[in-house]
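Trainee: Residue numbers (this note's numbering): 13 to 183.
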Amino acid sequence: GYVFGGQGSTRAPFTDTGALAWLPNAGEQATGADVSFTTSQDGRALFMDLEAGGNAQSIFQTLDEAIALLEDPGASAAALGAGLGKALDGVDGSLERLLVTRTRAGEQLRAIDARERLLEGGEIEASGHLSDLVDVDYASAVTRFQQNQTALEAAMTTYAKVARLSLFDYL
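1) How about ALA87 and GLY97: are their beta carbons less than 9 Å apart?
2) My output table needs one value for THR162: the three-state DSSP class, helix, strand or coil.
3) Of all the options LEU130, THR113 and GLN158, which has the alpha carbon lying nearest to the alpha carbon of VAL47?
4) For the segment 62-116, which segments carrying the beta strand (DSSP E) assignment without a break, of at least 3 residues, lie completely within its bounds, in sequence order?
5) According to the neighbour-count rule (16 or more other Cβ atoms, all chains shown, within 10 Å of its Cβ), is PHE157 buried or exposed?
6) Buried or exposed: which applies to ALA153, given that a residue is buried once 16 or more other Cβ atoms fall within 10 Å of its Cβ?
7) Can you give me the C-alpha to C-alpha distance between LEU145 and GLN161, rounded to a whole angstrom?
8) Looking only at its own chain, which residues have a Cβ that is under 7 Å from the Cβ of ASP147, when we skip the five neighbours before and after it?
9) Could you name the residues that DSSP lists as bridge partners for VAL154?
10) To the nearest angstrom, how far is the alpha carbon of ALA138 from that of GLY44?
11) Under DSSP, the beta strand (DSSP E) around SER48 begins and ends at which residues?
12) Checking 9 Å against the spacing of the C-beta atoms, do PHE49 and ILE124 come in under that value?
13) Report yes if the C-beta distance between ALA78 and THR113 is below 9 Å; otherwise report no.
14) Taking 7 Å as the limit between beta carbons, can you name the residues of its chain near THR116, skipping five residues before and five after?
15) Looking at C-alpha atoms only, which residue of HIS141, GLY118 and ILE71 is the closest neighbour of ASP101?
16) Nearest to ASP104 by CA position, among LEU142, THR74 and VAL174, is which residue?
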């Protein structure tokens with residue numbers, strides 16, 4: 013899978029075709045009734061949607077512009093300062109969004125850990141209930157077995173005696 017493509021994604025979240033293209037694959041994983049967790053982060057929100065004077069611009073485009081500005085030997089000090097200031101603002105904004113996304117991911121992990129503990133507790137409780145319903149009290153089972161065996165032996169002995177009797181035995 014791809015880090016920013018979503019869970020189980022088999023395609024790259026970004027394509028480089030001269031201009032970057034975002035191919036989203038949002039995902040959620042259900043962990044119980046009415047409980048689900050986000051399994052991917054929106055790479056577009058992290059890297060692509062920087063506002064540059066009202067125009068959407070990616071962090072990659074911002075960095076490309078800063079590199080081009082630094083490589084331009086004819087750039088004036090004022091243009092260099094303004095361009096690098098704009099690039100720094102873009103990188104700061106991207107870093108801020110990255111930190112917010114990281115915080116959300118941390119909150120999700122904390123909630124998943126809590127859910128895991130809850131499910132493990134439920135599993136232990138369910139095992140206890142199953143044990144109460146299914147497990148045998150061996151002492152009482154052996155006692156009942158011996159009582160039934162004694163009753164069976166008595167019934168068989170009585171039947172054997174009755175079966176040997178004939179009409180002459182009653183006279």
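No residue lacks a Cβ here, since even glycine has one placed at the ideal position from N, Cα and C.
Computed from a predicted model, the values in this text were never measured in an experiment.
Mentor: Looking at the atomic coordinates:
1) No.
2) The answer is helix: DSSP assigns THR162 an H, G or I state.
3) Minimum Cα distance to VAL47 is reached at LEU130.
4) The qualifying runs are 62-64 and 67-69.
5) It counts as exposed.
6) With fewer than 16 Cβ atoms within 10 Å of its Cβ, ALA153 is classed as exposed.
7) Each residue's CA atom was taken as its position, placing LEU145 and GLN161 some 25 Å apart.
8) There are no such residues.
9) DSSP, once it has assigned bridges, lists no residue as partnering VAL154.
10) Roughly 16 Å separates the two Cα atoms.
11) 47-50 is the span of the beta strand (DSSP E), which, as asked, contains SER48.
12) With a cutoff of 9 Å on beta-carbon distance, PHE49 and ILE124 are scored as near each other.
13) No.
14) Looking at the sequence itself, residue 116 is Arg, so the reference to Thr does not match. Once the five neighbours on either side are set aside, ARG116 has no close Cβ partner at all.
15) For the set HIS141, GLY118 and ILE71, the Cα lying nearest the Cα of ASP101 is the one of ILE71.
16) Checked all of LEU142, THR74 and VAL174; the closest Cα to ASP104 is THR74.
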